[in-house]
Every structure is written in C-alpha cells, then in structure tokens.
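Right, one structure below, let's go through it.
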Amino acid sequence: MNAAATTVRLADYRRPAFLIPEVVLDIDLQSEDEARVAATLSVQRNPDGASSSSLVLDLDEVSVESVAIDGKLLPPERWQADGRYLTVQDVPASFRLDTVSRIHPRQNTKLMGIYTSSTGFFSLCEAEGFRRITPFLDRPDVMARYTVTLHADRERYPVLLANGNCVAQGEEGGARHWARWVDPFPKPSYLFAVVAARLDRSQDSFRTRSGRNVLLQFFVEPGKLDQGVFALESLKHAMKWDEDTYGLEVDLDEYNIVAVGDFNAGAMENKGLNIFNTKLVLARSDISTDWDFNFIDRTVAHEYFHNWTGNRVTCRDWFQLALKEGLTVFREQQYAGDRYSRAVARIQAVRNLRTGQFPEDAGPMAHPVRPSAYQQVSNFYTSTVYQKGAELVRMMHTLVGPAKFRQAMDLYFREHDGQAVTTDALVAAVEEASGEDLSQFRLWYEQSGTARLSVRDQYDETSQTYVLTVTQSCPPTPGQPTKKPMHMPLTVGLLTPDGRELPLRLEGEKTGRGGSAVLSLRQETEVFRFIDVPVPPVPSLGRNFSAPVIIGYPYDDQALQLLLGYDSDAFNRWEAGQRLAMDLLLRGVADRRAGRPVQFPDYLAEAFGRVLADAQKDPAFAAEALTLPAEIIIAERLEEIDPQAVHEVRFAMRRFLAERLHGAFRSAYDLFATPGPYSPDAESSGRRALRNLCLAFLMDLGEAETRSLCVAQLAGATNMTDAMAALAALASCDCPERRPALDGFYAKWKDEPLVVDKWLSTEALSRLPGTVARVRELSRHPAFTLKNPNKVYALVGSFGVNQVNFHAADGSGYALMVELALALDPINPQVASRMVRNLERYKRYEPARRELMRAALQTIAAHPGLSRETGEVVGKALA
Ligand code: ARG
Ligand code: ZN
C-alpha cells in the first residue's frame, strides 16, 4: 500500500501554538546501531498562536521511551507517539518537557537526521530531519538556543562536534568521552548538526574587519588533509568578500567545516558547523577538475553566505525556501563574477537555468519560486527555487541599481535579524530602500512558467525614430491556466550595422542613457520610442540576461553575426552565437524528421572560425561561445521531442564544424597549452577549457591521429581536467582505444571514490549504443552502491540526462531507470524521487517514447510501498 498523499498548503500556515526557546540535548552514541537521545525542552504557549491544550511534536522513526513534565514522568495515557507525532495531553502554559528516545543511526539509509558514514556519525536536518533525532516542533519559525552534550567511544570517534562553541569535555567510563557545545544564537532545528567521527583536522584563523579572530577548522577523512587546503582558502576569501561587499562579518568564534562521503545534498549551512559532501569540498589537482575547483569555491562561499542569508534571517516556513536560497545563490553568483570572469560566470548561470529550470517550469512539477503547496518539501529543493529564485533577486538588483540594493540589504538585516520571515520581507526591504513600487514584481514569486517576450521593431528614417514593441506572455502551468503580466527589467542596446554602439535616448527624455538602457516592463505590451537614431539599428535585447525569460525577435543571420562580433555586452555576444546555432539546429531537426538532407551553411563555420581566431583575447569566453546549445535546450524548443533527431543533428553540426575548422582547432590545441604547474585560476582554466573543446570537436571526426593525441593527453595528463576531457572524448568515440582507456582509468583510480564517480559518470554519459547495457552492468559493479548518493548521482543521475541513451527508442533506458529507482526508493527516497524526475516530462516527447515513459511511470506508481517523495513526483507527472 502506498503512503497516503497529504498536501501542505501555504494558505494553511498558522503560527506555532507553542514556542521552545531552550533546548538541552544529551546524545549518547552507544553504538552504530543505537543512540539514546534525552531532550529537555523549555516549552511556552505562544501568545500569538492558536491555543491548544495538547502539545503535538513532530516525530519520524524515533521511539519515545519516556515523557516527563517539570520533572514528573507522565503516565502512558497522557502521551501517544504514532509514526508522525508525539502528542502530550493537558500541558500547562509554560513547562519543562523531558523526553528520552532511541534512534538507529546505522539503519538510517535515508541519511536524514543522525546517520553513519565510514568515519563515524553525521547529521543532516534540513528540511525535516531533526524530527528523526528527537520529538520537536520541527519547523523553522520555532527558534531555540541549543546546548548539546555528545557521548561516544573515544578511540573510534575522537572528534565530537556540534553547533556553536565547545564549553566542556571530558573522559568517562568504558573508554568513552563526551563534549558539550553551546550555540549562543537561537536557530531553527534545521540548522542543528552533530558529528562524532574519526577525522583529521587542519586549523587556520580569520581576522574580521572589526578585529576579532575566528578559529577556522576543517575536518576530513584521515589522510586527506591536503585535499582541504583549497576550500579553506575559499572560506577566507568568502568571509572577506562578504565584509567588503555587504559589510557582513562572521559572528562566531569558531567556524567548522566537516567533509562526509555519504550526503544527500551538496553541503549544509548548519550554524558554525557546515557539513559538506566530500565532492564539494575535497580538491587536489590530480583528482579534481577545474570545474570541481570552481564549484567547491562557490559552494564554500554559498554555505558561508547563508550564515547571514538563512541563519541570522531565516525562513518562516518551507514555502519561503527561496528567501534564503535564491538570495544566497545570487550572492554566490556575485562572488563568482568577482573572482572569475564575470561574463563566463553569467553564461554558465544562464546555461544552468536553461538546462534545469526552464524544462522544470514547462513540466508537471512546475511551481512558483514560492510554492503554494507541496506534499514533500524535499522535492522542492529545485532549480526553480534556487536558480530562478536567484534571478528574481538579480532583477530587483537591476531595477534599483547596486547602491540601492545594498541599502535594501542593510535594511533587511536591520529589521529582520533573528527572525523567521517570508520572501516578502526581502521585496519589501528593496521597495523601502529604493522607493520603487514592487507590488507587481511580487507576482514573480507566485506565478510559475517561463515568460516569453515577443519583440518587434520599426525604424522610421524621416523621423529618425526606432520603436521597440515588447509583448509578454506566459504559458499555462499546473494550477495556473492564466497569468498576469509581470514587472521586469529589459536591458537593451542598439548597434549600427557596422557594429558601433548607439547612444540611447527615449522620446521625452532630456538626456540620453549611454549605450545600455534598463527598460522597465509592466504592461502586457510596452512600446519604447528611441529618438535621434541615425541608421536602422540591430537591437541587443536582454543584456546580461536581464530577466529569466525567452526573448523572441526575428533576427537574421547577419544581425546575429554582427552581435556575435561586436556587442559590447559579452553575454549577448555569446547569446548571438547560441541563437545562430539554434536556428540552424532547429531547421536541421525539421529537415531530418521530414527526410530531407541536413546541411549547414558556410556562414556558421565562418562565424565560429572568427570566434576561434579571436580566442586569445579571452579563451574562457571563446570556449563558451564555441559550445553548441545542449541537447536538452534544443529539445525544449520543439513541439514534440525526438531525442534521437536532436542528438544526430547536433552531432552533425559538430562534425561539420570540426571538418571546416580542422586546421584551426588543431593549431589552437597546441597554442592554448597551459605552461607551468597546474593552477585552477580563471585564466589557465579558460585555456584548458578551450583546448579541450578543440580536442572534443576533433574527436568527433574520430581520425586515428586525433585518437592518438587524445590517448597521449590521457596518459600524460598532470591534472584531472585534461585527463577527464580526454577520457570523455574517448568514451563517446567508437574506436579500439576506448575500452582500454576506460578500464585503465578505473584501475588507476579505484581507491579514490570521487574519481570513481567521474568514471561512472563518463561511462553513463557516452553517446554510443550499448550504454544502457553498460550502465546496467555497472549498477552491479563492486564500485557501485545504491546506498551512497554520490554513486547514484554519478551513474544513474548521469544516465538520466543522457538524451540519446536514456531515451533509447526501445525503452530499455526507461526500464533500467524504473528498476534502479524502485530498488533505491526504500533505501533513500529523496534521491530516488530525483531520479524518477527524469521521466516526468513524458508528455513532451514523440508518441512512441511518450507511451513508453508513461508506462514506466505507471509501473513506479503501482509499486507497493512507494515512498511519499517518489509518489509525489509520479502522481503529478501522471495527473
Ligand atoms: N541548504 C542547503 C544548501 O543549499 C541544501 C540542503 C538540502 N537538503 C537536502 N536534504 N537535500 O546550501
Ligand atoms: Zn543554499
């Protein structure tokens, strides 16, 4: 029998009936199999809440042994614990509640609450994991001061950590020890964390601008301290950046970061005790790629930034998740823009949005940035909440400008420090600090779906005016058949036909605006009349991707080439190249489906050739500009998706470019070699990105000479970036060098779990036939286990985004996904439901695949004992 679906609604939000200002926990980790948790809660009736004679605490897989009020044990008839709640009857207005419970860390394969990993005990509580440790009002608007005492075996778990500061520790009988931690900051339960493990420690310090010294400690698996050096540097950079950019200082005396190999998320911002998935914190050049270094740097910063945007000001309820995540991702993006190339950071953020969020927003799980209902909050840690949430903050930043935005942030912290608030608190702060009316802007938090802008223009030579007409629309999404127009910034520029930037002046304006104007859209249709325009211009629309929308404008290839070559806005230079390729890809897909030959014009090769010839100026940008739109982004543009056709046409375009630009790719490969020792800085990683892109294009032709080059690069690589690029190229090349390369890579790295993940992922992403069978084989390989989320993401997650093999025409990819997801569901439903999401958009596919995917979803839906998490996804997909 499947768990009944219960929907939680924002409209039903009620303030908590009780508050719990103080929590004292005694956690006795008796063995991996069992821990005893004694909790002392100071409970008070909430004067602002509904009155209730019984206290109802959340509970999940915890067995409650005793309950006492003000020191007196309650008889069994005064309290009941069912699977979800502990109900204590007839409680006074203010009292002390003592509970004693048992939990079972090793059996906790869901990895929420306290669980075990190879080196000891770890925790993850966001969003609803604390209730798996002890009965509690496990909701973010209940904030408490915590005192935690941990007890564990001294030899096996020498490191004992919790939030805040360690105030006492000692030895106790039976070769055990204990430590007591006090967190001075009231916090919601989702920020609670404990660790008891055998770990190596490295230590550093940060001097804040007000002159306080903060102890920084990194805890990693024994023997891996060298892999923590990079992240520790990132942490210091992030602390400095937040002081310089937002005037925000670290508020703790001690800041600890712990790495763990088994983790559902990337990382977690627990107050003073961040816990990181090893893959997002451990880095060393021989085992980590440039991409890993970049991602680690940003994630360390992201979790640190949460200390203010998330921890000091937190969310009232889980519908407000984007309050902390959207804002923190935006801050992370600003940090990355400052540390790396601003343009490349923006391009990558937008690519992310288009590959993850746009499809989500066009599917059955589409939801607003602030959802209004959910069944399982764990299913709402989505691209929409994170990435689109960040775009909303960015739009406000664009609308009011950086100075006013900073004032708004100051105001936000001044007014809401220590509070649990809604997304509206942020919007209201921006509104108040800037004087801009954002009432219509708030719709962005409520309406789902990707809005479209249809832009038309007209030039009048006699009056020298240029008129832009912008019409917005937004397609229907689940529960939202019609949408209201939204308020958004549209940043535009105008180029002359020879590529010069025109000064902009709108009719009625006294002075011009320089080269870029932020137009504010509010009405469904807006008309902008530019005057003193001497020539018919080419519009550069949505500079720096000023709003998370799809802009339609009838560019011809010449206009796109002009923008690609001359736009002063680097993002739109890139965008022009993407449009140029996309138009031809879409035409190619149509031709192929109609049985016509697929051909590409010379101007495509010429345009890409010019980018390559110009690459010296900014290799990282060139690498982005030469990357064709991803298959999923192409697919998104089709009425009905035929993934095979998309794949083949894109591959054909790659081969066309590789043939036409063969010499240029080959010489760029030599030219952009990175001299000197490895460093993951923006400049040298840009050179490697470009060089490896050249290799990948050449490998699509599969010539023997390129293959030897590739094999030589793999064998001689002194860093993982170059090794992985070569391996990935070989993995998609049907040649005799392929299998030995993949097998050799595994043999070399079988003892480095994070590199094994790269190998699994490379195998699963191969474009070659036989990949379904290979993934099935690897799912039984000793290196793979369903119990470790990283292994699942590497093999099953990568396979799920392999557009050509997951969507194999015979349905074998879907069948494999069903098998693996159903095996995973009882072990780790959060991760399983993520895997199942690969099937959710079945209605978008051509009839044969649509039917196969629907059947796959139905098989899952009919499975006895399906988790609530997976149940929500299949239920919504099939609705
Ligand atoms: N707050 C974390 C972050 O974005 C993510 C936690 C997600 N939790 C989970 N169980 N997946 O930084
Ligand atoms: Zn976050």
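Taking the UniProt record's numbering, the leading residue of the sequence shown gets 1, the next gets one more, and so forth.
For each residue, glycine too, the CB sits at the ideal point set by N, CA and C.
The structure displayed is predicted, hence computed values, not measured ones.
Report the CB separation of residue i from residue j in whole angstroms; it is logged as a contact under 8 Å.
{"i": "Val-313", "j": "Tyr-412", "result": "7 Å"}
{"i": "residue 895", "j": "Glu-624", "result": "The structure shown does not extend to residue 895, since the chain is modelled only from 1 through 879, so no value can be given for it."}
{"i": "Asp-607", "j": "Leu-580", "result": "The question names Asp, but residue 607 is Ala in the sequence shown. Rounded, the Cβ-Cβ distance is 6 Å, consistent with contact."}
{"i": "Ile-347", "j": "Leu-150", "result": "With a Cβ gap of about 45 Å, Ile-347 and Leu-150 do not count as contacting."}
{"i": "Ser-234", "j": "Tyr-678", "result": "Rounded, the Cβ-Cβ distance is 17 Å, inconsistent with contact."}
{"i": "Glu-221", "j": "Thr-119", "result": "6 Å"}
{"i": "Val-535", "j": "Gly-577", "result": "No, Val-535 and Gly-577 are not in contact; Cβ-Cβ is about 24 Å, not under 8 Å."}
{"i": "Glu-269", "j": "Asn-311", "result": "6 Å"}
{"i": "Val-43", "j": "Leu-25", "result": "No, Val-43 and Leu-25 are not in contact; Cβ-Cβ is about 15 Å, not under 8 Å."}
{"i": "Val-23", "j": "Ala-39", "result": "7 Å"}
{"i": "Ala-731", "j": "Leu-742", "result": "6 Å"}
{"i": "Leu-353", "j": "Glu-415", "result": "About 30 Å separates the two Cβ atoms, so there is no contact after all."}
{"i": "Leu-816", "j": "Val-756", "result": "About 20 Å; that fails the 8 Å criterion."}
{"i": "Val-250", "j": "Val-214", "result": "5 Å"}
{"i": "Met-395", "j": "Met-488", "result": "6 Å"}
Leaving out the 5 sequence neighbours to the left and right, which residues in its chain are closer than 7 Å to residue i when beta-carbon positions are compared?
{"i": "Arg-543", "result": "Thr-491, Val-492, Gly-493, Ser-516, Asp-569, Phe-571 and Asn-572"}
{"i": "Leu-73", "result": "Ser-66"}
{"i": "Gly-272", "result": "Asn-163, Gly-164, Asp-183, Leu-252, Glu-254, Tyr-255 and Asn-256"}
{"i": "residue 965", "result": "This structure cannot settle anything about residue 965, because the visible part of the chain is limited to 1 through 879."}
{"i": "Leu-857", "result": "Leu-839, Tyr-842, Val-874, Ala-877 and Leu-878"}
{"i": "Ala-322", "result": "Val-369, Arg-370, Val-385, Gly-389 and Thr-423"}
{"i": "Phe-358", "result": "Thr-450 and Glu-636"}
{"i": "Phe-295", "result": "Leu-280"}
{"i": "Arg-176", "result": "His-151, Ala-152, Asp-153 and Arg-154"}
{"i": "Leu-282", "result": "Val-220, Lys-224, Gln-227, Gly-228, Ala-259 and Leu-754"}
{"i": "Thr-299", "result": "Gly-266, Ala-267 and Leu-280"}
Kindly indicate if chain B contains any beta-carbon less than 7 Å away from that of residue i.
{"i": "Pro-485", "result": "Included in the structure is just one protein chain, with no chain B present."}
Residues in the same chain with beta-carbon distance under 6 Å from residue i, minus the five sequence neighbours each way, listed in chain order, please.
{"i": "Tyr-796", "result": "According to the sequence provided, residue 796 is Val. The question's Tyr does not apply to it. Result list for Val-796: Leu-820 and Met-835, in chain order."}
{"i": "Val-393", "result": "Gly-326, Leu-327 and Phe-330"}
{"i": "Val-588", "result": "Here the sequence assigns Gly to residue 588, which means Val is not the residue at that position. Only Val-598 and Val-649 meet the Cβ criterion."}
{"i": "Ser-31", "result": "none"}
{"i": "Val-167", "result": "Arg-180 and Val-182"}
{"i": "residue 901", "result": "Residue 901 lies beyond the residue range present for the chain, which begins at 1 and ends at 879; the question has no answer from this structure."}
{"i": "Gln-407", "result": "Ala-433"}
{"i": "Thr-6", "result": "none"}
{"i": "Arg-691", "result": "Tyr-669 and Phe-672"}
{"i": "Gly-113", "result": "Gly-129, Arg-132 and Ile-133"}
{"i": "Leu-10", "result": "Phe-319 and Ser-372"}
{"i": "Asp-618", "result": "none"}
{"i": "Glu-431", "result": "Leu-438"}
Which same chain residues end up closer than 8 Å to residue i when comparing Cβ atoms and leaving out the 5 residues on each side of it in sequence?
{"i": "Leu-724", "result": "Before going further, note that residue 724 is Met rather than Leu in the sequence given. Excluding sequence neighbours, Met-724 sits near Thr-289, Lys-758 and Thr-762."}
{"i": "Ser-867", "result": "Ala-3, Asp-825, Pro-826, Pro-829, Ala-832 and Ser-833"}
{"i": "Arg-14", "result": "Gly-49 and Ala-50"}
{"i": "Ser-53", "result": "Gln-89, Asp-90 and Val-91"}
{"i": "Arg-198", "result": "Thr-119, Gly-120, Arg-156, Tyr-157, Pro-158, Val-159 and Pro-222"}
{"i": "Glu-172", "result": "His-151 and Trp-178"}
{"i": "His-647", "result": "Glu-631, Arg-767, Gln-803 and Val-804"}
> Does the segment 351-366 come close enough to the segment 638-650 to have 3 or more Cβ pairs within less than 8 Å?
Replying inline: These segments do not touch.
>> For the segment 837-850 against the segment 859-877, do three or more pairs of beta-carbon atoms, one drawn from each stretch, fall closer than 8 Å, so that the two count as touching?
In response: Counting C-beta pairs closer than 8 Å gives three or more between the segment 837-850 and the segment 859-877, which meets the contact rule.
> Mind pulling the beta strand (DSSP E) runs of 3 or more residues that sit fully within the segment 246-291?
Replying inline: 254-260 and 273-277
>> Threshold first: 3 residues or longer. Then list the beta strand (DSSP E) segments lying entirely within the segment 426-477, N to C.
In response: Listed in chain order, they are 452-460 and 465-473.
>> My parser needs the beta strand (DSSP E) runs of 3 or more residues fully inside the segment 61-126; what are they?
In response: 63-69, 79-81, 85-88, 94-103, 113-117 and 120-124
>> Which runs of the beta strand (DSSP E) at least 3 residues long sit entirely within the segment 535-610? Give them in chain order.
In response: 538-541 and 550-552
> Listed in chain order, which residues are found with a beta carbon closer than 6 Å to a heavy atom of ligand 2?
Replying inline: His-302, His-306, Glu-325 and Thr-328
> Within the chosen definition, does the segment 375-384 reach the segment 518-531 through at least 3 CB pairs nearer than 8 Å?
Replying inline: Cβ pair count under 8 Å is below three, so no.
>> Across the segment 444-461 and the segment 540-555, are there enough close Cβ pairs to call them in contact, namely three or more that are closer than 8 Å?
In response: yes
> Counting Cβ pairs closer than 8 Å, one from the segment 150-161 and one from the segment 82-96, do we hit at least three?
Replying inline: no
> Touch check for the segment 256-266 and the segment 121-131: three-plus C-beta pairs under 8 Å?
Replying inline: Yes: the two stretches touch, three or more of their Cβ pairs being nearer than 8 Å.
> Per the contact definition of three or more C-beta pairs closer than 8 Å, is the segment 495-506 in contact with the segment 557-566?
Replying inline: Yes, the segment 557-566 is in contact with the segment 495-506.
>> So within the segment 751-820, which uninterrupted alpha helix (DSSP H) runs reach at least 4 residues, ignoring any that extend past its ends?
In response: 753-764, 771-778 and 789-792
>> So within the segment 664-714, which uninterrupted alpha helix (DSSP H) runs reach at least 4 residues, ignoring any that extend past its ends?
In response: 682-699
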